[in-house]
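Chains as they are written, first to last, in the numbering used here: chain A, 8 to 122; chain B, 1143 to 1257. The beta carbon of each residue, even a glycine, is placed where N, CA and C say it ideally should be. Small disclaimer: the values here were computed from a predicted structure and weren't measured. In what follows, a single structure is set out as structure tokens and then discussed.
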Amino acid sequence: GAGVSQSPSNKVTEKGKDVELRCDPISGHTALYWYRQSLGQGLEFLIYFQGNSAPDKSGLPSDRFSAERTGGSVSTLTIQRTQQEDSAVYLCASSSDPANNQPQHFGDGTRLSIL
Amino acid sequence: AQSVTQLDSHVSVSEGTPVLLRCNYSSSYSPSLFWYVQHPNKGLQLLLKYTSAATLVKGINGFEAEFKKSETSFHLTKPSAHMSDAAEYFCVVSPFSGGYNKLIFGAGTRLAVHP
């Protein structure tokens, strides 16, 4: 079935480069979330989209991090001037009806390694 | 503030014996609670959810959890462990504020199953 799709599955890049991570949610899901999973911090919320707007971006760790969503579907998380502490697995999730606590469905994540 | 505490970072059981993964939560609101499982290099899969209906919740793969408000607990159990249950398990609270379910994760419990 068509679940949440994330690409690339793995990304290795040099410190200081910019990276873009892509998330394709389940068709029809209006809510989209980004999380980060790292050894030291566990799973952390980054940003929430409802449609194309982001009412909660409180988890973005710095202004090097940004995200957008277009057409109420695909989302891109961009990290500028990457640092070694950005190394983590970035997980995307989508939900059909967050107002009624429908669960979030997760992709397999993008494993980002900063050299 | 909302938080989740998973009382054991590692649990080891023999195949065929019961599983108990412990979780305590703190929430100012009537929370929604979830258990997710993560197999190596995979995303998070929903096992079960509690959203103020029955306090005993049955999930997939024979898992269940009981919501105990007086103890602020939501422990995950399974009568008989299978080798395929070896994974990391996350207890999650959703404070359901602002009309969307921003998830707050516990630190995770790694379950090992021995033959």
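G49 of chain A and A1249 of chain B have their C-alpha atoms spaced approximately 6 Å apart. R88 of chain A sits exposed, since fewer than 16 C-beta atoms from the chains shown fall within 10 Å of its C-beta. Taken through DSSP and simplified to helix, strand or coil, A106 of chain A comes out as helix. A Cβ-Cβ separation of about 6 Å places D115 of chain A in contact with Q13 of chain A under the 8 Å criterion.
In this structure the stretch 101-116 of chain A lies against the stretch 1180-1192 of chain B, because at least three pairs of beta carbons, one per stretch, are closer than 8 Å. Shortest Cα-Cα distance from S103 of chain A to any of A:R29, A:D93 and A:L39 involves A:L39. Take the alpha-carbon of Q57 of chain A and the one of T37 of chain A: they are about 6 Å apart. Shown here is that no member of the stretch 1145-1164 of chain B has a Cβ falling below 9 Å from a Cβ of chain A. Counting of Cβ neighbours within 10 angstroms places V11 of chain A among the buried residues, the total reaching 16 or more.
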